[in-house]
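Trainee:
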Amino acid sequence: MDFALTTEQKQIRDMVGEFVDEEIVPRAGEIDEEDEFPRDIVEQMAELGLMGMPFPEEYGGADLDYHSYALGLSEIARGSGGLGTVVAAHISLAGNMLYAFGDEEQKREYLTPLAAGEEIGAFALSEAGAGSDVPAMETEATREGDGYVVNGGKLWISNGSVADTVTLFAMTDPGAGNEGISSFVVRPEEDDGFVVEGIEHKLGDKGCPTAELRFDDMYLPEDRLLGEEGDGFVQALKTLNGGRITIAARGVGIARAALEDAAAYATQREQFDGPISQFQAIQHKIADMDTKLQAAELLMHKAADLKIRGEPFVKEAAQAKLYASEVSREVANEAIQIHGGYGYTTDFPVERYYRDAKLNEIYEGTSEVLRNTIADQVLDE
Ligand SMILES: Cc1cc2nc3c(=O)[nH]c(=O)nc-3n(C[C@H](O)[C@H](O)[C@H](O)COP(=O)(O)OP(=O)(O)OC[C@H]3O[C@@H](n4cnc5c(N)ncnc54)[C@H](O)[C@@H]3O)c2cc1C
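With positions in the sequence shown counted from 1, the corresponding number in the numbering used here is that position plus 506.
1. Mind checking LEU876: buried by the 16 CB within 10 Å criterion, or exposed?
2. Classify LYS827 as helix, strand or coil using the three-state DSSP reduction.
3. Relative to ligand 1, is the shortest distance from any of its heavy atoms to the C-beta of ALA793 smaller than 7 angstroms?
4. Apart from the five residues on each side of it in sequence, which residues of its chain come closer than 7 angstroms, Cβ to Cβ, to ALA594?
5. Quick test of your reading: THR872 and SER664, contact by CB under 8 angstroms. State the CB separation rounded to the nearest angstrom.
6. Which residues mark the beginning and the end of the alpha helix (DSSP H) in which MET521 is found?
7. Smallest Cα separation from LYS712: which of ASP520, GLU564, ASP538?
8. Using the Cβ count rule (16 or more neighbours within 10 Å means buried), how would you classify ARG815?
9. Among residues of its own chain, excluding the 5 on either side of LEU746, which ones have a beta-carbon nearer than 6 angstroms to its beta-carbon?
10. Tell me whether LYS708, by its Cβ, gets closer than 7 angstroms to a heavy atom of ligand 1.
11. Along the chain, where does the alpha helix (DSSP H) that runs through GLY627 open and close?
12. For ASN866, is the classification buried or exposed, using 16 other Cβ atoms within 10 angstroms of its Cβ as the cut-off for buried?
13. Shorter than 7 angstroms, the distance from the beta carbon of ILE470 to the closest heavy atom of ligand 1, or not?
14. Does the beta-carbon of HIS573 have 16 or more other beta-carbons within 10 angstroms, so that it is buried, or is it exposed?
15. Please look up how many angstroms separate the CB atoms of MET806 and ALA830, rounded, as I've assumed it's under 8 angstroms.
16. Mind listing, in chain order, the continuous beta strand (DSSP E) runs of no fewer than 3 residues lying wholly within the region 697-763?
17. Leaving aside the five residues before and after SER783 along the sequence, list all residues of the same chain whose C-beta is less than 7 angstroms from its C-beta, in chain order.
18. Between the Cα of GLU650 and those of THR513, GLY627, ALA634, GLU728, spot the shortest distance and give me the residue it belongs to.
19. Return helix, strand or coil for GLU776, following the three-state DSSP convention.
20. List the endpoints of the continuous beta strand (DSSP E) containing MET677.
21. Between the alpha carbons of ALA583 and GLY759, how many angstroms are there, rounded?
22. Is the region 557-570 touching the region 614-632 in the sense that three or more CB pairs, one from each, lie closer than 8 angstroms?
23. Hey, which unbroken runs of the beta strand (DSSP E) at 3 residues or more fall wholly within the region 589-644?
24. For the alpha helix (DSSP H) containing LEU556, list its first residue and its last residue.
25. State the Cα-Cα distance for the pair ASP779 and PHE785, rounded to the nearest angstrom.
26. Taking 7 angstroms as the line, does the beta carbon of LEU828 fall inside it for any heavy atom of ligand 1?
27. Assuming VAL856 and ALA764 form a contact by the criterion Cβ under 8 angstroms, report the distance between their Cβ atoms to the nearest whole angstrom.
28. When you compare only the Cα positions, how much space is there between LEU631 and MET603?
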């Protein structure tokens with residue numbers, strides 16, 4: 507067992523960290539306030555290879571291992587939770603759907619521009635009536651001629667309004683439950699009937715547009731089907747499993763930002779003739795914050811390690827995501843507490859960390875649903 511990062515992994519973390527400190531941290535407040543998709547920063551990330559971190563070079567990616575990808579993502583989220591979601595939805599969800607389930611031609615045509623960062627990806631699974639309960643989805647893809655006609659709608663789709671490629675889930679056999687779900691590649695610019703119905707106004711996660719999508723008689727040729735008809739549910743679960751490692755990374759990144767700011771503030775802020783870091787009450791908060799952060803990061807790397815080895819990692823990815831999500835909210839909460847009244851204002855970024863962290867407990871499996879998954883796995887062992 508080796509807990510040390512390799513030289514390459516450290517270099518990736520430091521390279522991304524430097525970029526984040528120079529380009530994202532100074533803009534994070536503005537991204538939060540304006541809630542506009544920061545396309546220029548995404549283009550800079552593409553130049554550094556950050557939009558295709560784990561994919562092979564032959565498909566335009568940077569060929570990084572999953573530890574490095576998680577470290578890179580956590581650094582991006584340290585700068586901006588919204589950008590963390592932009593990259594996670596683009597790579598872990600849309601990109602991985604194409605990489606794992608696309609045929610060679612689909613990978614070349616749709617994954618390569620995503621991995622190179624020339625195009626943006628989104629993953630459209632959730633619906634108004636089907637969040638945790640995926641098979642309750644009502645979007646249908648009906649066979650017609652050499653393709654499918656899609657009708658329905660999706661809700662809360664990260665990158666949904668800016669995506670060039672959307673991996674879409676729809677019922678091809680509405681009576682068949684899980685087994686009736688299939689997945690498709692959608693190209694919003696080319697496919698008539700693709701409508702961006704609106705953009706959500708959210709508590710946090712600003713800069714990542716969360717869109718409501720509608721499909722009105724949207725025709726998709728047969729070669730847009732990913733895998734076989736009926737494979738969609740299993741594909742979604744497998745993709746979300748890998749995705750949970752990067753949502754854990756988003757939690758780790760936000761928690762690190764909160765801890766660093768809280769520690770710096772505690773040594774600067776003076777009350778009762780000295781820095782507040784002299785108080786044991788503050789020291790213990792810092793100690794707990796760092797301990798939780800370290801544990802969350804270890805769970806993230808454990809799940810990444812199993813994924814790299816090709817071993818089952820459903821429980822470990824769920825645990826990493828569950829724990830890192832709760833830790834990021836708790837650490838951000840304590841960071842506000844350490845900042846006192848200033849922490850409750852927008853003069854300091856700790857309130858943004860808190861708003862950004864909360865989302866982790868909701869998307870890609872709520873904390874309640876993840877506890878179900880973990881319990882099922884433990885009771886099965
Ligand atoms: C900002 C944002 C971005 C998102 N991005 C995407 C995206 O890119 N693509 C996408 O497809 N979706 C996305 N989602 C949707 C997200 O995955 C869902 O919101 C999430 O799965 C929960 O579904 P729901 O909102 O319908 O809640 P519900 O499923 O209605 O859950 C409501 C409550 O009931 C609990 N609950 C539900 N079922 C159970 C159960 N079996 N046992 C115990 N408790 C349960 C939940 O834990 C929760 O507390 C995003 C959501 C948000 C807010």
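Using N, Cα and C, we set each Cβ at its ideal position, and we do this for glycine too.
Every value quoted in this text rests on a predicted model; they were computed, and no experiment measured them.
Mentor: The answer reads as follows:
1. Indexing the sequence shown from 1 puts residue 876 at position 370. With a 10 Å radius around the Cβ and a threshold of 16 neighbouring Cβ atoms, LEU876 comes out buried.
2. Numbered from its first residue, the sequence shown carries residue 827 at position 321. Three-state result, LYS827: helix.
3. One-based indexing of the sequence shown puts residue 793 at position 287. Incorrect: ALA793 has no Cβ contact closer than 7 angstroms to ligand 1.
4. Position 88 of the sequence shown holds residue 594. Excluding its 5 nearest sequence neighbours in each direction, ALA594 has C-beta neighbours in its own chain below 7 angstroms: LEU579, GLY749, THR752, ILE753, ARG756, listed in chain order.
5. As a working note, residue 872 is residue 366 in the sequence shown. As a working note, residue 664 is residue 158 in the sequence shown. Not confirmed; about 16 angstroms, so no contact.
6. To locate residue 521, count along the sequence shown from 1; it is residue 15. 513-525 is the extent of the alpha helix (DSSP H) around MET521.
7. On the sequence shown, position 206 is the one that residue 712 refers to. Ranking the options by Cα distance to LYS712, first place goes to ASP538.
8. Locating residue 815 in the sequence shown gives position 309, where the first residue counts as 1. So ARG815 counts as exposed.
9. What you label residue 746 is simply residue 240 of the sequence shown in a count that begins at 1. Closer than 6 angstroms at the Cβ level, and outside the excluded window around LEU746, lie GLU870.
10. Here the question's residue 708 lines up with position 202 in the sequence shown. At least one heavy atom of ligand 1 is nearer than 7 angstroms to the Cβ of LYS708, so yes.
11. Working through the sequence shown from its first residue, we reach residue 627 at position 121. Annotation: GLY627 is outside any alpha helix (DSSP H); the continuous beta strand (DSSP E) that includes it extends over 627-630.
12. Stepping through the sequence shown from its first residue, residue 866 is reached at position 360. Counting Cβ neighbours within 10 Å, ASN866 comes out buried, since at least 16 surround it.
13. Examination of residue 470 is not possible in this model, given that the chain is present from 507 through 887 alone.
14. As a position in the sequence shown, residue 573 is number 67, starting the count at 1. Buried.
15. Here residue 806 corresponds to residue number 300 of the sequence shown, with the count starting at 1. Here residue 830 corresponds to residue number 324 of the sequence shown, with the count starting at 1. About 6 angstroms; that satisfies the 8 angstroms criterion.
16. Those beta strand (DSSP E) runs which fall completely within the region 697-763 and span 3+ residues are 700-705, 716-727.
17. Residue numbering aside, residue 783 sits at position 277 when the sequence shown is read from its first letter. Around SER783: ALA772, THR773, GLN789.
18. For the purposes of this step, residue 650 is taken as residue 144 along the sequence shown, with counting starting at 1. It is GLU728 whose Cα lies nearest to the Cα of GLU650.
19. Locating residue 776 in the sequence shown gives position 270, where the first residue counts as 1. Of the three classes helix, strand and coil, the one that applies to GLU776 here is strand, per DSSP.
20. Indexing the sequence shown from 1 puts residue 677 at position 171. Segment 671-677, the beta strand (DSSP E) holding MET677.
21. Here residue 583 corresponds to residue number 77 of the sequence shown, with the count starting at 1. Here residue 759 corresponds to residue number 253 of the sequence shown, with the count starting at 1. Pairing ALA583 with GLY759, the inter-Cα distance amounts to about 5 angstroms.
22. Counting Cβ pairs under 8 angstroms, three or more are found: they touch.
23. DSSP runs (the beta strand (DSSP E)) wholly in the region 589-644: 627-630.
24. Numbered from its first residue, the sequence shown carries residue 556 at position 50. It is not in any alpha helix (DSSP H) - LEU556 carries neither H nor E in the DSSP assignment.
25. Within the sequence shown, the letter at position 273 stands for residue 779. Within the sequence shown, the letter at position 279 stands for residue 785. Rounded to whole angstroms, ASP779 to PHE785 spans 12 angstroms at the Cα level.
26. In the sequence shown, residue 828 corresponds to position 322, counting from 1. Using a cutoff of 7 angstroms, the CB of LEU828 does not count as near ligand 1, since none of the ligand's heavy atoms is closer than that.
27. For the purposes of this step, residue 856 is taken as the residue at position 350 of the sequence shown. For the purposes of this step, residue 764 is taken as the residue at position 258 of the sequence shown. Indeed they touch by this definition, with Cβ atoms about 6 angstroms apart.
28. Translated into the one-based positions of the sequence shown, residue 631 becomes position 125. Translated into the one-based positions of the sequence shown, residue 603 becomes position 97. Between LEU631 and MET603, the C-alpha separation is close to 12 angstroms.
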